[in-house]
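Below is one structure, written out as C-alpha cells, with a few remarks after it.
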Amino acid sequence: MSEWLVLTLAMAAACAVVLAIVVINHRRIPEDDDPSETPDVIEYMTMMIGVVYAIVLGLAIAGVWEARSAAQETVRQEAQALHEISARAEVYPVAARERIRSDVDTYVRFVVQDEFPHMSDHGELSDKGTELLEKVRRSVTDYQPANDFEGQAYQPLVDQVAVADDARGARGQSAGDTMPGVVWFGLIIGALVTVGLIFTLQIRRTGKELLLAGLFSALIAFLLFLIWDFDAPFGRGIAATAAPFTDLFPQLTG
Numbered sequence: 595m596s597e598w599l600v601l602t603l604a605m606a607a608a609c610a611v612v613l614a615i616v617v618i619n620h621r622r623i624p625e626d627d628d629p630s631e632t633p634d635v636i637e638y639m640t641m642m643i644g645v646v647y648a649i650v651l652g653l654a655i656a657g658v659w660e661a662r663s664a665a666q667e668t669v670r671q672e673a674q675a676l677h678e679i680s681a682r683a684e685v686y687p688v689a690a691r692e693r694i695r696s697d698v699d700t701y702v703r704f705v706v707q708d709e710f711p712h713m714s715d716h717g718e719l720s721d722k723g724t725e726l727l728e729k730v731r732r733s734v735t736d737y738q739p740a741n742d743f744e745g746q747a748y749q750p751l752v753d754q755v756a757v758a759d760d761a762r763g764a765r766g767q768s769a770g771d772t773m774p775g776v777v778w779f780g781l782i783i784g785a786l787v788t789v790g791l792i793f794t795l796q797i798r799r800t801g802k803e804l805l806l807a808g809l810f811s812a813l814i815a816f817l818l819f820l821i822w823d824f825d826a827p828f829g830r831g832i833a834a835t836a837a838p839f840t841d842l843f844p845q846l847t848g
C-alpha cells in the first residue's frame, strides 16, 4: 500500500473520529446549556497548532542542517585521506611515488573542477570520478614493497584508500535531496493551516495587525526556504564545498 494512501486514510480517519465525537456530544448537550460558561476553543486550537508546527519546523531545520554538516565532514575525510596517501608515498621509490601522487592529483583536480558541479546538477556521483579513484587504488595496491620499511607503509596506504572510498560513497549518498516528499507535504500543509488560522481570529485592518500578519507569513516562508536550501547539501546556496580539497591541494586548485 502506498505511503500516500496510508497518510490520506489516517488523516481522513482522524478527522472523521473527531467530527463524529463533536456531533454526538453536541446532541447530548441540553437546550438550556450556556456556551459562554466554557472557554472558547478557537484560541486554544490556534495556539496548539502554532506550537506543534513550530516544533516540526525546528526539527526539519535541525535535520537538514545536520545532513549538510555531515556531507561537509565526508568531504573533509576524503580530502584528508587522499592527502595522507600522497604524503605517505614518500617512502616509495621515485617511480612508484610519482605515479601514486599523479593519480591522486588527477582525481582531486577532477573532483573539484568537474564532479562537484556534476553533483549539484544531477544529484549523484560521476562514473569518471569512480574510475579515477579506482586508478589510485590500483597504483597503491599493485606496488610490491621491496623491504620492511616500505612494507610498514604499504598497509596504512591501503587503509587510507579505503577511507577515501568510503567517504566518497557517503558523499554520493548526500548528493541528492535529503527530505522525503511526505515531510514536505506536511510542512507545506502545516504552513497553509497555520497562516490560514490568522483569518479565523478577529483580525482588523489596523496597521499593527496587518504588519504582524505580514511578518508572520514572511517568517514561515523564510523558514521553508531555509529548509529547501539546506535540503540538497551539494546543490544549493548554502552547500557543502570542496574547500578541504583546495586547502590540502592548493597547487592543483589555485
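Sequential numbering from 595 applies to the sequence shown in this note's numbering.
Don't be surprised by glycine CBs; every beta carbon is placed ideally from N, CA and C.
Would you mind listing the alpha helix (DSSP H) stretches within the region 665-729 that are 4+ residues and don't spill past its ends, in chain order? 688-704 and 710-716
Cβ separation of T840 and A761, assumed to be a contact under 8 angstroms, to the nearest whole Å: As a position in the sequence shown, residue 840 is number 246, starting the count at 1. As a position in the sequence shown, residue 761 is number 167, starting the count at 1. Actually they do not touch by this definition, with Cβ atoms about 16 angstroms apart.
What do you reckon, are the CB atoms on S768 and A661 nearer than 8 angstroms? As a working mapping, residue 768 is identified with position 174 in the sequence shown. As a working mapping, residue 661 is identified with position 67 in the sequence shown. Yes, Cβ-Cβ distance for S768 and A661 is below 8 angstroms.
Assuming L791 is part of the alpha helix (DSSP H), what are its boundary residues? Position 197 of the sequence shown, counted from the first residue, corresponds to residue 791. Neither: L791 is in no alpha helix (DSSP H) and is coded neither H nor E.
Hey, could you find the ends of the alpha helix (DSSP H) S811 is sitting in? Stepping through the sequence shown from its first residue, residue 811 is reached at position 217. Taken as a continuous stretch (DSSP letters only), the alpha helix (DSSP H) holding S811 covers G801 to D825.
Range of the contiguous alpha helix (DSSP H) that encloses Q746: Position 152 of the sequence shown holds residue 746. Segment D742 to Q767, the alpha helix (DSSP H) holding Q746.
Which word fits H712, buried or exposed, when buried means at least 16 other C-beta atoms lie within 10 angstroms of its C-beta? The residue labelled residue 712 in the question sits at position 118 within the sequence shown. Classification of H712: buried, given that the 10 Å Cβ count is 16 or more.
Using the beta-carbon count (16 or more within 10 Å), is I636 buried or exposed? In the sequence shown, counting from the first residue as 1, residue 636 sits at position 42. Classification of I636: exposed, given that the 10 Å Cβ count is below 16.
Does the region 684-700 come close enough to the region 819-826 to have 3 or more Cβ pairs within less than 8 angstroms? no
With the cut-off set at 8 angstroms, would you say G784 and Y647 are in Cβ contact? As a first step, residue 784 must be located in the sequence shown, where it is residue number 190. As a first step, residue 647 must be located in the sequence shown, where it is residue number 53. Cβ atoms of G784 and Y647: closer than 8 angstroms.
Name the residue from A665, S663 and Y701 whose alpha carbon lies nearest to the alpha carbon of S680. In the sequence shown, the residue the question calls residue 680 occupies position 86. That would be Y701, whose Cα lies nearest to the Cα of S680.
So does the region 752-766 actually touch the region 715-722, counting three or more Cβ pairs closer than 8 angstroms? yes
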